[in-house]
Amino acid sequence: MQISLTINGKSHSNDIEPRMSLVHYLREVMDLTGTHVGCDTSGCGACTITLDGNAVKSCTLLAVQADGCEIMTIEGMANGEQMHPIQEAFKENHGLQCGFCTPGMVMTAVDILKSNPNPTEEEIRHGLEGNFCRCTGYHNIVKSIQQAAEQLNS
Amino acid sequence: MGNFIGKSVKRREDARFLRGAGRYTDDIKLPKMTQAAFVRSPYAHAKVLNIDISEAQKADGVVAIYTGQDGCGAYGVPCGWQVNFKNGDTMREPVHPLLAKDKIRHLGEAVAIVVAETLELARDAAELVEVDYEELPAVTDPKKAMEPSAPLVHEEWGDNAAFDWCIGNDRTEVEAALASAHHVTEMEYRNHRVAPNAMEPRSYIADYDINAGKWTLYTSTQNPHLIRLLLCAFVLGIPEHKVRVVSYDVGGGFGSKIYHYTEEALLTWISKEIGRPVKWTSDRSEAFLTDAHGRDHVVHSKMGFDKDGKIVAHLTDEYCAMGAYLSTFAPAVPTYLHGTLFQGVYTTPLIHLNVVAPFTHTVVVDAYRGAGRPEATYLLERIISKAAKEMKMDPADIRFKNFIPPFDGIDEPGYQTQVALQYDSGNYEGVLKRGLEMLGYEDFRKEQTKARKNGKLLGVGISTYIEGCGIAPSAVVGSLGARAGLFEVGHVRVQPTGKVQVFTGTHSHGQGHETVFAQFVADKLGIPMDDIEIEHGDTDQVAFGMGTYGSRSLAVGGSAIIKSVEKVLEKGAKIAAHKLEAAEKDLEYAEGKWTVKGTDKSISFGDVSLTAYVPHDYPEGLEPGLDFSSFYDPSNFTYPFGTHIAVVEVDKDTGKVDLQRFIACDDVGNVMNPMIVDGQIQGGVVQGVGQALLEEVVYDDSGQMITGSYMDYAMPRADDVPMIETDRTVTPCPHNPLGVKGAGEAGAIGSTPAVVNAVVDALSHLGVTDIQMPVTPQRVWKAMQN
Ligand code: FES
Ligand code: FES
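Those sequence lines, one after another, are chains A and B.
Here the first sequence is numbered in my numbering, starting from 2 and rising by one per residue.
Here the second sequence is numbered in my numbering, starting from -15 and rising by one per residue.
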């Protein structure tokens, strides 16, 4: 099946198998391996990307469902050398250790801050509910998102 | 403190991770790479009657299919630690085959592997493999596994024990002391089974180069050299110099990626058979079924006290599951990493532990963050808190009463325990005092009394732990059954321009070695961090190493690097003396240059480096170059310790436990990077909280796993935990050059009993004295009703 979509600001057209998942398409066809796979039951959030601006788990969608959509993956967050304020905040606050959950966390943070530019700690924790991190205990991820919010609002 | 040591330097590795440019194994694609899928047993215990691959072979894109009847069936993975029976009989060590032949011993054991052009095609074809099984009764509980009627995991030995073992004082002496004790506190419980759940599932790619006769194995491992050694010398019998093991970025390990897994060896074997690279990445369901689990001890314990609350004796019997086979470190976990910590931080004069380690029809159990030490800490910290309640003492007071007094281990030897170890240095009352201060203990007790009057269930739990880290002095572990040395290698290569490459045999899978190791090397050499690169994870680059686990990387790996740095400076001084026409003893080294004391004559590190590689005007007889490798074998373990305190509120209608505060005051010796140490503690604490409140691997009686996905296995999510309040005391390790003790496991060791103690405290006025982990709402609710 033919799909056309925009990924990180560039248009792409591909002929793909209808049963291919979106995350598989991103990783295997587009070589965008920053989006990770941590489970097979939509439970971990490692595969989170934004689709038309909203965070979605790319393992739960078929690539064909993204036809005509605009996708942003972790690879599209930085502006050349310049990292996005959310990425900067994760670095500044040690919001990552092994880095495996990190792309999903950052993309979820985009969504959290889009709908709520001044989230409380509780709202951030609630917003991260769909994303596992096994390394950080979430403490520094929450702090990162708090700092990113301040940064983006200033 | 130098320019970098002790500072929260931001991590260099973050840039690639934050840009989605990490290099995890599954991200690697090789030309002509094939993909593998497994056929795994749906039964825990069964005979394999027949495997029919004929339909699968005809499927699209299939490259090859192998079963245990093929050549790979001749191989098995070894165990790295031998713990014999206490009567001297040899540990029972079954063959752990790469693919099951005629017998299945745990759910998910692999019976066939299908290799195809794509993953989808491999999975499609795997579905066409027909296996006839005859299901047999299974046993999954370690205590039941020792009953005479229990189904046998390995028939040849007549019962399921892999070994039984004891440590400490003479049992009869301990029993006698208990019989005459003023008070005896008793506990029976299960330190239940958990799944490590590193977020990156295991992944391997094997690639055989027919022209060079050389294999490359890309693997998500914590210890590439150990995997190479096991693969070459103990499994496939292939030449070690023809094998390269690469482990770039690894998405968490927590112990589960230490071991040499069957899939690694099988893929390596297949890559030569098919002459093409082959990849396999576990999915999460397979991870639950095949990654080594942690804990699973059935415990019966008695602790005796005198009338002042001083411990007089401690006796424990445990059944500790090994699973269906013996994983790489498995026998060491409930023995030398567990029984040796039964002294805890207390002066207990008489201790005896007996461990029976049975095979069970489950996946293997091995080290999981803390490995044996969390289980020891859970026992000691629960039972002493339970005793305090029974004896109407304050849980902090009973601890102060029993602490080993502070010692720095510098002029006097450390503290000799009843269970083989000698602690290096410690100040256990210091961390408890600080922890209580952080909480505001007295105010909390007042608040608790008030809350109770208002019908609120508020509780506080204390845990004061110690752990043995910096694994490990080779001769000591050798005498205890380890089949490997546990030294570390640090290689410092100074280039002609004075830039430095450091090669370490430890491995970073989240710990931040690329940053921390560069910090102390920069300080020792007096050069900028930017001039230093840390390399790890490739056996062709790094001479040798034993990997990362047991909080060893800095204490052992860092010490090896320091040794090489010292050799660089020693040789550099000879070159500098020659160039400065001074005597070596008249030189001092600081801020990246050698200076003739009392003069302004100096030469920089960069100039000396260049001279070493352009040795025209050079000391006679001295070799060119500035490149040193060192092996460091520690003289002792290191012993971090700390106090963890949890505050919980229990919902009296639903039994749900709300963790309101968590306080951790840890002492990990000197700290290189406080930000990273705090991060390690926070993460470890939440893993320990996970075991206390949420996580449990449950097998039913037939050996089916009923918690095999994130739908059923509850791990802590962001809204299950509060911010973690951390602080530190600093008691340096007296026997390694950086004075460090290790911080990777502490969080997971201290936290679990603190949480359960808090829940019991919250419910104690209702008559609750103990509660089984994980403390689910259902368990709490039931306990409240009784
Ligand atoms: S991979 Fe786990 S939610 Fe998508
Ligand atoms: S940083 Fe490792 S899983 Fe989050």
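Virtual Cβ for every residue (Gly too), placed ideally from N, Cα, C.
Being a predicted model, the structure only gives us computed values, none of them experimental.
- Placement of the Cβ of A/C136 at a distance of less than 7 angstroms from at least one heavy atom of ligand 2 is found.
- Per the DSSP secondary-structure output, B/I88 pairs in a beta bridge with B/A30.
- Between the alpha carbons of A/D32 and B/V739 lies a distance of about 44 angstroms.
- Exclusion of the five residues before and after B/V461 leaves L470 as the residues of its chain whose Cβ lies within less than 6 angstroms of its Cβ.
- Short of 7 angstroms from the beta carbon of B/R(-5), and not among the five residues preceding or following it, lie these beta carbons of its own chain, in chain order: G496, T499.
- Counted as a single uninterrupted DSSP element, the stretch harbouring B/D292 is not any beta strand (DSSP E), since DSSP gives it neither H nor E.
- Judged by their CB atoms, B/C56 and B/L250 are nearer to each other than the 8 angstroms cut-off.
- In the DSSP assignment, the residues bridged to B/A94 are B/R24.
- Taking 8 angstroms as the cut-off, the beta carbon of B/A316 is found no closer than this to the beta carbon of B/V348.
- Taking every protein chain shown into account, the CB of B/W578 has 16 or more other CB atoms within 10 angstroms, so this residue is buried.
- DSSP assignment within the segment 4 to 58 of chain A yields the following whole beta strand (DSSP E) runs of 3 residues or more, N-terminal first: 11 to 16, 49 to 52, 55 to 58.
- Environment of ligand 1, chain-ordered: A/V38, A/G39, A/C40, A/S43, A/G44, A/C45, A/G46, A/A47, A/C48, A/K58, A/C60, taking every residue with Cβ within less than 6 angstroms of a heavy atom.
- Residue contact check for A/C40 against chain B: a CB pair falls below 8 angstroms.
- Residue burial is scored here from C-beta neighbours: B/K42 has fewer than 16 other C-beta atoms within 10 angstroms and is therefore classed as exposed.
- In the three-state reduction of the DSSP assignment, B/L120 falls in the coil class.
- Looking from the CA of A/G105, the closest CA among A/N117, A/F91, A/P118 belongs to A/F91.
- Here the segment 386 to 400 of chain B makes no contact with the segment 753 to 765 of chain B; the two share fewer than three CB pairs at distances below 8 angstroms.
- The beta carbon of B/H336 is closer than 7 angstroms to those of C150, G152, N153, R155, V158, L299 in its chain, skipping five residues each way along the sequence.
- Per DSSP, B/F646 is one residue of the beta strand (DSSP E) stretching across 641 to 651.
- The beta carbons of B/D350 and B/A297 sit no closer together than 8 angstroms.
- At least one CB atom of chain A sits nearer than 8 angstroms to the CB of B/Y8.
- C-alpha of B/F428 to C-alpha of B/A746: approximately 12 angstroms in a straight line.
- Contact annotation for A/I75 against chain B: L2, R3, G4 [CB-CB distance below 8 angstroms, chain order].
- By the C-beta criterion, the segment 351 to 370 of chain B is judged to be in contact with the segment 166 to 179 of chain B, since at least 3 inter-stretch pairs fall below 8 angstroms.
- Under the three-state reduction of DSSP output, B/G663 falls in the helix class.
- Taking B/S588 as the centre and dropping the five residues before and after it, the same chain places the C-beta of G576, K577 closer than 7 angstroms to its C-beta, in chain order.
- In the displayed model, B/L310 falls within coil according to three-state DSSP, outside both helix and strand.
- Residue burial annotation: B/K569 is exposed, with fewer than 16 other C-beta atoms found within 10 angstroms of its C-beta.
- Within chain A, the residues placing a beta-carbon under 8 angstroms from that of B/I708 are G138, H140, ordered along the chain.
- Counting only the Cα atoms, B/M422 lies some 21 angstroms from B/N654.
- Placement of the Cβ of B/G236 at a distance of less than 7 angstroms from at least one heavy atom of ligand 2 is found.
- Ranked by how close their Cα comes to the Cα of B/G542, the residues B/Y573, B/H562, B/S614, B/F501 have B/F501 in first place.
- With 16 or more other Cβ atoms from the protein chains shown falling within 10 Å of its own Cβ, B/D650 counts as buried.
- When only Cα atoms are considered, B/A40 and B/A110 end up about 7 angstroms apart.
- Under a criterion of Cβ atoms nearer than 9 angstroms, the residues of chain A adjacent to B/M659 are, in order, N94, H95, N141.
- Here B/G64 carries a coil assignment [DSSP, helix/strand/coil].
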